[in-house]
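Peer 1: Protein sequence lines correspond, in order, to chains C and G.
If you count by the working numbering, then the first sequence holds residues 1472 to 1765, one letter each, in order.
If you count by the working numbering, then the second sequence holds residues 442 to 565, one letter each, in order.
Backbone N, C-alpha and C fix where the C-beta goes; we use that ideal spot for every residue, glycine too.
Bear in mind the structure is a predicted one, so any value in this text is a computation, not a measurement.
Structure in structure tokens, see below.
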Amino acid sequence: MSDLAASAENLGKNIGNRTILRDISVQVRPGDVIGVIGKNGAGKTTLLETLLGLSPRSSGRSSVLGEDSLHLSAAVKQRIGFVPQQEELLPALTGRRQLALTGSFYRQWDQQLVDRLATEWEVPLDRRAQSLSGGEKQKLSTLFALGNRPDLLVLDEPVASLDPVARRRFLQQVLEIAADNTRAVIFSTHIVSDLERVANRIWILKDGQVIRDGDTDTIKESVTRLHIRSRNALPADLAIPGCLSMRRSADGLGLTAAVRDFSQSDTDALASRLDANIEREGLGLEDIFLELHA
Amino acid sequence: MFILDPHTSVPIYQQLVDQVRRLVASGHLAPGDELPSVRDLAQEHTIHPMTISRAYGLLEADGTLERRRGKPMTVAPLRRNQTSVAARLKQIEPQMDALALSARQLELQETDVIGLLKKKLGAK
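Structure, rendered in structure tokens:
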């Protein structure tokens, strides 16, 4: 389909004999805000860079705005915005000079938007990049990616050094892009709480594989914690289908387990099998992330 | 108008659905009242517009809200009799379960609990 903002099919990447990405198939539709979460070293940065064609793939396919990532036309490149984790500013130039320089490469450059955001985000444009704080540098490099009003905006750990006020403003800008329903955003982060708000879809990356790809609410509803309490000792070899982690109480009568895709009727059946009382607890995204890495 | 907390286990769309239903049930939202647009609500709460749309869609499907072309979502006219007693009972069952559990934990007598409940129901 050519109206996808980006896609990967069985995408893989090895460096030497180390596998960095394994068999990743994902799609990004216009209007999507995709949140990519994973531990350090899970492959988040490599996935974003390989998807965009900034880094070569070893197998499979990836495309951006209908074109193969490794052979993007100049026209498509004009429609992409990318903010790398490590900002690539020119230290001796002021923000204003660098923005003017960058803007001159784009046919469509929205200087008004850039000026407005620079004021809102309190980016000091008249100071040299080398004298800016970490957060200011990050905000400045985000302005570079927003100025061409990209149809696909990709941000690698965009909020790490932003304070809460700046983060909220940044997220509002991300949503503004998605609200058009014609443009899409992908961002990786390990600040899970931001994703619960703005991402409509989440990819959970673990050891180079996307182990979960679904809309945020469905992922939230898919993992439940069971608090089991029985009058009798629970069987030592108790197996619960879909169990992610299990913790037994010292007296052998109680058990707490995180389970996935476990319905109310599954719960009732388990309760009567064990002659136990079971309470279900819903989990936030952060807890789910931790359970999936247990 | 709404309190949407992304960090609890209840999905945001579900929180919105529950709150609209409650406001309608309690009469704080009356038939014909307009709801904020998807875009406004998304901006106000910094929440993806699809999440709001999903909630509105569910509320439209169950007859709580009404969508008219080019107009904001409005609260639908009451149609109490169209939903069966069984269906409405099902809606209240989670609260009943919670009540039953608390009553057992407090070791209350069945007749006492039912007596109090009757009083509450009659009080209006």
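Between the Cα of Ser-1496 (chain C) and those of C:Arg-1532, C:Ala-1747 and C:Asp-1586, spot the shortest distance and give me the residue it belongs to.
Peer 2: Cα-wise, what sits closest to Ser-1496 (chain C) is C:Arg-1532.
Peer 1: Assess, as a yes-or-no matter, whether the region 1479 to 1488 of chain C is touched by the region 1665 to 1678 of chain C under the definition of 3 or more beta carbon pairs within less than 8 Å.
Peer 2: Too few Cβ pairs lie closer than 8 Å, so no.
Peer 1: According to DSSP, is His-448 (chain G) part of a helix, a strand, or is it coil?
Peer 2: Three-state DSSP puts His-448 (chain G) in coil, outside helix and strand.
Peer 1: Note down, in chain order, each residue of its chain lying with its Cβ closer than 6 Å to the Cβ of Ser-1526 (chain C), except the 5 sequence neighbours on either side.
Peer 2: Correct list, in chain order: Glu-1520.
Peer 1: Please confirm whether Val-577 (chain G) has its beta-carbon closer than 8 Å to some beta-carbon of chain C.
Peer 2: In the structure as shown, chain G starts at 442 and stops at 565, and residue 577 (chain G) therefore has no counterpart that could be examined.
Peer 1: Short of 9 Å Cβ to Cβ, which residues in the region 465 to 483 of chain G face chain C?
Peer 2: Taking 9 Å as the Cβ-Cβ cut-off against chain C, the residues of the region 465 to 483 of chain G that qualify are Val-479, Arg-480 and Ala-483.
Peer 1: What do you get for Lys-512 (chain G), buried or exposed, if any count of 16 or more other CB atoms within 10 angstroms of its CB means buried?
Peer 2: The residue in question, Lys-512 (chain G), is exposed, as its Cβ has fewer than 16 Cβ neighbours within 10 Å.
Peer 1: Quick check: what's the CA-CA separation for Thr-492 (chain G) versus Asn-1671 (chain C)?
Peer 2: Spanning the two alpha carbons is a distance of roughly 7 Å.
Peer 1: Looking at the structure shown, is Ser-1478 (chain C) part of a helix, part of a strand, or coil, going by DSSP?
Peer 2: Reduced to three states, the DSSP call for Ser-1478 (chain C) is strand.
Peer 1: Between the region 1636 to 1663 of chain C and chain G, which residues of the former have CB atoms less than 7 Å from a CB of the latter, in chain order?
Peer 2: For the region 1636 to 1663 of chain C, which is checked against every Cβ of chain G, the residues closer than 7 Å are Arg-1639, Leu-1642, Gln-1643, Leu-1646, Ala-1649 and Ala-1650.
Peer 1: Let me see if you follow: with CB-CB separation under 8 Å, is Asp-1688 (chain C) close to chain G or not?
Peer 2: Yes - at least one Cβ of chain G is within 8 Å of the one on Asp-1688 (chain C).
Peer 1: Under 8 Å, Cβ to Cβ, is there at least one residue of chain G near Gly-1685 (chain C)?
Peer 2: Not an interface residue.
Peer 1: With a threshold of 8 Å between beta-carbons, can Leu-1584 (chain C) be considered close to chain G, or not?
Peer 2: So, not an interface residue.
Peer 1: Going by C-alpha distance, which of C:Ile-1682, C:Ala-1729, C:Asp-1665 and C:Ile-1662 is nearest Val-1694 (chain C)?
Peer 2: For the residues C:Ile-1682, C:Ala-1729, C:Asp-1665 and C:Ile-1662, the minimum Cα distance to Val-1694 (chain C) belongs to C:Ala-1729.
Peer 1: How about Met-442 (chain G): is its C-beta nearer than 8 Å to some C-beta of chain C?
Peer 2: No - not a single Cβ of chain C is within 8 Å of the one on Met-442 (chain G).
Peer 1: Pick out whichever of G:Tyr-454, G:Pro-535 and G:His-486 has its Cα sitting closest to the Cα of Glu-1647 (chain C).
Peer 2: Taking only the C-alpha atoms, the option nearest Glu-1647 (chain C) is G:His-486.
Peer 1: With three or more beta-carbon pairs closer than 8 Å as the criterion, would you say the region 475 to 482 of chain G touches the region 494 to 513 of chain G?
Peer 2: Enough Cβ pairs lie closer than 8 Å, so yes.
Peer 1: Considering Lys-1610 (chain C), what are the terminal residues of the alpha helix (DSSP H) in which it resides?
Peer 2: Taken as a continuous stretch (DSSP letters only), the alpha helix (DSSP H) holding Lys-1610 (chain C) covers 1605 to 1617.
Peer 1: Taking only the alpha-carbon atoms, compute the straight-line gap between Val-554 (chain G) and Asn-1748 (chain C) and give it to the nearest angstrom.
Peer 2: Val-554 (chain G) and Asn-1748 (chain C): Cα-Cα distance of roughly 22 Å.
Peer 1: What are the boundary residues of the alpha helix (DSSP H) that Asp-538 (chain G) is part of?
Peer 2: Looking at the DSSP string, the run of the alpha helix (DSSP H) that includes Asp-538 (chain G) is 526 to 546.
Peer 1: Which residues of the region 1667 to 1680 of chain C have a Cβ closer than 7 Å to any Cβ of chain G? Give them in chain order.
Peer 2: Those would be Glu-1667, Arg-1668, Val-1669, Ala-1670 and Asn-1671, in chain order.
Peer 1: Does any heavy atom of the ligand GTP sit closer than 7 Å to the C-beta of Gln-1583 (chain C)?
Peer 2: Ligands displayed in this structure: none; no statement on the ligand GTP is therefore possible.
Peer 1: Here's the rule: buried if 16 or more other CB atoms are within 10 angstroms of the residue's CB, otherwise exposed. What is Val-1656 (chain C)?
Peer 2: Answer is buried; the Cβ neighbour count reaches 16.
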